[in-house]
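2 protein chains.
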Amino acid sequence: MKRPKAIARVTPNDDTLPSRASVARLSLYLRSLEEFARQGRVTISSGRLGEALGVTDAQVRKDLAIVGSLGQPGVGYSTGELISAIRHTLGIDREWRVALVGVGNLARALLRYRGFPQQGFRIVALVDSDPAKIGQRVEGLEIHSPAMLPAVVAATRAELGVVAVPAEAAQSVAEALVAAGIRGILNFAPVVLRLPPSVSLVAVDLAVQLEQLAFLVQASCREVARPGSRRRDPGPTAPAVP
Amino acid sequence: MKRPKAIARVTPNDDTLPSRASVARLSLYLRSLEEFARQGRVTISSGRLGEALGVTDAQVRKDLAIVGSLGQPGVGYSTGELISAIRHTLGIDREWRVALVGVGNLARALLRYRGFPQQGFRIVALVDSDPAKIGQRVEGLEIHSPAMLPAVVAATRAELGVVAVPAEAAQSVAEALVAAGIRGILNFAPVVLRLPPSVSLVAVDLAVQLEQLAFLVQASCREVARPGSRRRDPGPTAPAVP
DNA sequence: CTTTGTGAATTGGTTCACAGCT
DNA sequence: AGCTGTGAACCAATTCACAAAG
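Taken in order, these protein sequences are the chains called Y and D.
Residue numbering for the first sequence follows this note's numbering, starting at 43 and increasing by one per position.
Residue numbering for the second sequence follows this note's numbering, starting at 43 and increasing by one per position.
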């Protein structure tokens, strides 16, 4: 490849968006790199990084090419440079303010997860329809009524919404978030949300994941019985379907 | 296609495993079909079903071909037949016993989710290392110490394990589950588990999902700025990478 | 010698489009 | 007419393999 020395070195090159799968892997590389950096490594090769995640070195290089041409032949990548570049590409080189609707156990788990603030996600608003919960405080945040949702989103300038309500309520909650100006939604409710394409959507459907697991286990049983059936790479799974 | 009348009608045809994505969609079709059935529909076309999930009719037919040739030209699919066939293909036409390690808020959310028992997943064992929790009961189940894990898995005949512990503990917990004879693991810890290929693995990585969302939102902002960049179908997202 | 970046080849998944059944 | 099942075409993603750089 032509690399005019210093010019292209920071160019996040292409105009076609990376695939979901690549983006998911970038998150994993990032975490792994942060761990390597903590251990004092200043340089890392695609081979080592891939080993940590169960991915081939070629795949790692292709993925990392998305964030720019940062590798040095014969040496590898600078962990620090890579971390910044990935964070930039993922859009997490800044703070994201998040509104959380449905303050059940799942929400509490999210509120307590230290990984989110570390990566720049800050939960700034809580909403729940249960009168017994409204007015209570969780982790320093007051729980507001759904009627207040537009006002709360505006006041906190939240850009992302998390839907953690029962299936029946999810579609209307999501629509309320969109109406309030939210730009992206992380949906945990077991329904397929239908939203305007201008808002981004990521769904985490626990029932789907468990059923996937049941299928895989059942299939691997069958395999021992029937010796002749093709197997896909059973590499670790990261979820994602908007 | 040659369909020797009655013979092939129930044949789940092929030997090559369906893709992860197809399996995820089967779960979604199933949920949608159960809803349609509840509404009294006895027959459904690929078009309608696809509409409910934002998928093309051709995609629906390809996916449903995995579970057998159950459609009637000019009519559609019998909802009841399809439901059974999908459940069979997914391996959820029976009960799956699940052991849950790490009884925090996430575990409590799972314990309370009514969708799991409905689909045949039964949580039968709880394990946590916190001395304050050991011996307590949650939703009728006693919390056991990690030392008891092998005994508890054996006694309850659990086949699936859920890892809901902090990152540092996840790999060793997973190994303990494997040693105890578990066949599949659903991992919520933010690490890539490395396990023997004989055990199936599905990972639900919340940080990865949120970062994906940040990326999508950021990308859709850029899009308005730069008119000429390709966009992938932003259809709803279902997570999954083992 | 090690390791990157990337075309080329390959594999896999989705969409098209239509023959054939009801 | 309406709708399925499926080859064929298309498009996307992964793997290969190698020239070029340190």
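No residue lacks a Cβ here, since even glycine has one placed at the ideal position from N, Cα and C.
In chain order, what residues of the same chain have a beta carbon less than 7 Å from the beta carbon of residue i, not counting five sequence neighbours either side?
{"i": "Y/A174", "result": "none"}
{"i": "Y/A212", "result": "V205, N229, A231, V233, L235"}
Report all residues from its chain with a CB closer than 6 Å to the CB of residue i; omit the five preceding and five following residues, and keep chain order.
{"i": "Y/I86", "result": "F78, G118, Y119, T121"}
{"i": "Y/I224", "result": "G203"}
{"i": "Y/S171", "result": "P188"}
{"i": "D/V194", "result": "A167, H186"}
{"i": "Y/P60", "result": "I108"}
Check the Cβ-Cβ distances between residue i and every residue of chain D, and say whether any is below 9 Å.
{"i": "Y/I49", "result": "At Y/I49 the pLDDT is 35, less than 50, meaning the model places this residue with poor confidence; the figure from the coordinates comes in the next sentence. No - not a single Cβ of chain D is within 9 Å of the one on Y/I49."}
{"i": "Y/S94", "result": "A small fix is needed here, since residue 94 of chain Y is Ala in this sequence, not Ser. Interface residue, yes."}
{"i": "Y/I86", "result": "no"}
{"i": "Y/G146", "result": "yes"}
{"i": "Y/V234", "result": "yes"}
{"i": "Y/L219", "result": "no"}
{"i": "Y/A261", "result": "yes"}
{"i": "Y/E253", "result": "yes"}
{"i": "Y/I134", "result": "yes"}
{"i": "Y/E201", "result": "yes"}
{"i": "Y/V169", "result": "no"}
{"i": "Y/V143", "result": "no"}
Would the beta-carbon of residue i fall within 9 Å of that of residue j?
{"i": "D/V207", "j": "D/V166", "result": "no"}
{"i": "Y/L95", "j": "Y/R67", "result": "yes"}
{"i": "D/I128", "j": "D/L72", "result": "yes"}
{"i": "D/K104", "j": "D/S69", "result": "no"}
{"i": "D/G133", "j": "Y/V259", "result": "yes"}
{"i": "Y/A141", "j": "Y/A221", "result": "no"}
{"i": "D/F163", "j": "Y/T131", "result": "no"}
{"i": "Y/L255", "j": "D/L148", "result": "no"}
{"i": "Y/V246", "j": "D/V246", "result": "yes"}
Which residues in the same chain have their Cβ closer than 8 Å to the Cβ of residue i, if we skip the five residues on either side of it in sequence?
{"i": "Y/M190", "result": "V169"}
{"i": "Y/Q101", "result": "R67, G92"}
{"i": "D/S126", "result": "D135"}
{"i": "D/T58", "result": "none"}
Using a Cβ-Cβ distance cut-off of 9 Å, determine whether residue i contacts chain Y.
{"i": "D/A151", "result": "yes"}
{"i": "D/F78", "result": "no"}
{"i": "D/G157", "result": "yes"}
{"i": "D/L70", "result": "yes"}
{"i": "D/G226", "result": "yes"}
{"i": "D/R62", "result": "yes"}
{"i": "D/I125", "result": "no"}
{"i": "D/A258", "result": "Per the sequence shown, residue 258 of chain D should be read as Leu rather than Ala. It does: the Cβ of D/L258 has a partner Cβ on chain Y nearer than 9 Å."}
Given this structure, state the Cα-to-Cα distance separating residue i from residue j, to the nearest angstrom.
{"i": "D/R156", "j": "D/A197", "result": "24 Å"}
{"i": "D/R139", "j": "D/G226", "result": "11 Å"}
{"i": "Y/A231", "j": "D/S88", "result": "24 Å"}
{"i": "D/A267", "j": "D/L248", "result": "29 Å"}
{"i": "D/K47", "j": "D/P115", "result": "At D/K47, the pLDDT of 34 sits below 50, so the modelled position is not reliable and the matter cannot be decided from this model."}
{"i": "Y/G243", "j": "Y/L219", "result": "Before going further, note that residue 243 of chain Y is Leu rather than Gly in the sequence given. So the two alpha carbons sit approximately 12 Å from each other."}
{"i": "D/Q81", "j": "D/L75", "result": "10 Å"}
{"i": "Y/G113", "j": "Y/V97", "result": "18 Å"}
{"i": "Y/Q251", "j": "D/Q161", "result": "12 Å"}
{"i": "D/E210", "j": "Y/I176", "result": "35 Å"}
{"i": "D/R90", "j": "D/D99", "result": "8 Å"}
{"i": "Y/E265", "j": "D/P238", "result": "15 Å"}
{"i": "Y/D240", "j": "D/C263", "result": "One point to set straight first is that residue 240 of chain Y is Ser, not Asp, in the sequence displayed. Between Y/S240 and D/C263, the C-alpha separation is close to 9 Å."}
{"i": "Y/F158", "j": "D/G146", "result": "17 Å"}
{"i": "D/E253", "j": "D/A261", "result": "12 Å"}
{"i": "D/P192", "j": "Y/E123", "result": "44 Å"}
{"i": "D/E217", "j": "D/E137", "result": "24 Å"}
Is it a yes or a no for the segment 177-195 of chain D touching the segment 147-154 of chain D, going by three-plus beta-carbon pairs under 8 Å?
Cβ pair count under 8 Å is three or more, so yes.
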